[in-house]
Amino acid sequence: MKTQPLLLAATVIAGAFCASAAIAGESDRLNSVVNELRRATAPLHPLEAAAAAGWDTPITGCIANPDPAVGGMGYHYANETLLADGTVDPLRPEVLVYAPKPGGGMQLVAVEYIVFTELNPVPPELFGQTFHLNPNINAWTLHAWVWKHNPSGLFADFNPNVSCL
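Everything in the sequence shown is counted per my numbering, starting at 1 for the first residue and increasing by one.
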């Protein structure tokens with residue numbers, strides 16, 4: 001009789017260990033892909049280099065949330081060829097996001113994946129995240145803050161550490 005509670009406890013502990021290992025494995029895979037994305041976008045830190053590589057279309061001014069605690073996004077520069085293809089490539093995001101630096105100039109802070117709903121009516125998935133609808137542009141979108149820490153999360157739209165001021 002006493003072995004049943006012990007067996008149950010061992011089963012629960014083993015299950016928790018397996019779940020932890022699965023979560024750690026997912027985290028390792030995400031870190032690996034994010035590191036690949038950083039390597040792919042590292043040469044694009046200077047805005048001039050990004051423009052020369054095709055991210056030469058400014059599509060927004062500096063976007064900031066009205067609530068300063070929520071933060072901002074920054075300026076979005078699109079690669080029109082990637083925007084028009086309706087596909088998602090984790091290493092070639094449609095948009096690069098730059099934030100103003102305190103002393104002037106711009107710094108690459110994030111990337112954004114965009115797929116227009118007319119090209120794909122189903123929200124894509126990437127990095128284990130389902131894109132969300134941006135009704136202002138009729139597109140599925142996903143930000144990835146790979147160059148500036150975001151306390152709101154790697155895939156949050158706004159970053160409290162980004163300001164347009």
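Just so it is clear, CB atoms sit at the ideal spot from N, CA and C, and this is done for glycine as well.
Anticipated Cβ contact below 8 Å, residue i with residue j, distance rounded
i	j	result
residue 88	residue 115	6 Å
residue 96	residue 44	6 Å
residue 127	residue 30	6 Å
residue 164	residue 100	7 Å
Residue i, enclosing alpha helix (DSSP H) - first and last residue
i	result
residue 141	Residue 141 -> not in any alpha helix (DSSP H); beta strand (DSSP E) instead, spanning 139 to 144.
residue 82	80 to 84
Closest residue to residue i among the options (Cα-Cα distance)
i	options	result
residue 52	79, 64, 34, 83	79
residue 125	119, 90, 153	90
residue 92	100, 113, 98, 84	113
residue 76	117, 55, 28, 68	55
residue 155	129, 122, 139	129
residue 94	39, 58, 150, 66	58
residue 118	67, 86, 65	86
residue 63	39, 120, 148, 98	98
residue 148	38, 27, 28	38
Residue i - partner residues in DSSP beta bridges
i	result
residue 55	79
residue 130	125
residue 72	64, 159
Limits of the unbroken beta strand (DSSP E) element including residue i
i	result
residue 96	95 to 100
residue 110	106 to 116
Below 8 Å, how does it come out for the region 55 to 74 and the region 150 to 162: are there three or more Cβ pairs, yes or no? Counting Cβ pairs under 8 Å, three or more are found: they touch.
Does the structure place the region 116 to 134 close enough to the region 92 to 108 that three or more beta carbon pairs sit under 8 Å? The region 92 to 108 and the region 116 to 134 do not touch, with fewer than 3 CB-CB distances between them shorter than 8 Å.
Count Cβ pairs between the region 138 to 148 and the region 27 to 47 that sit closer than 8 Å; are there 3 or more? Touching, yes, given that three or more Cβ pairs across the two stretches are closer than 8 Å.
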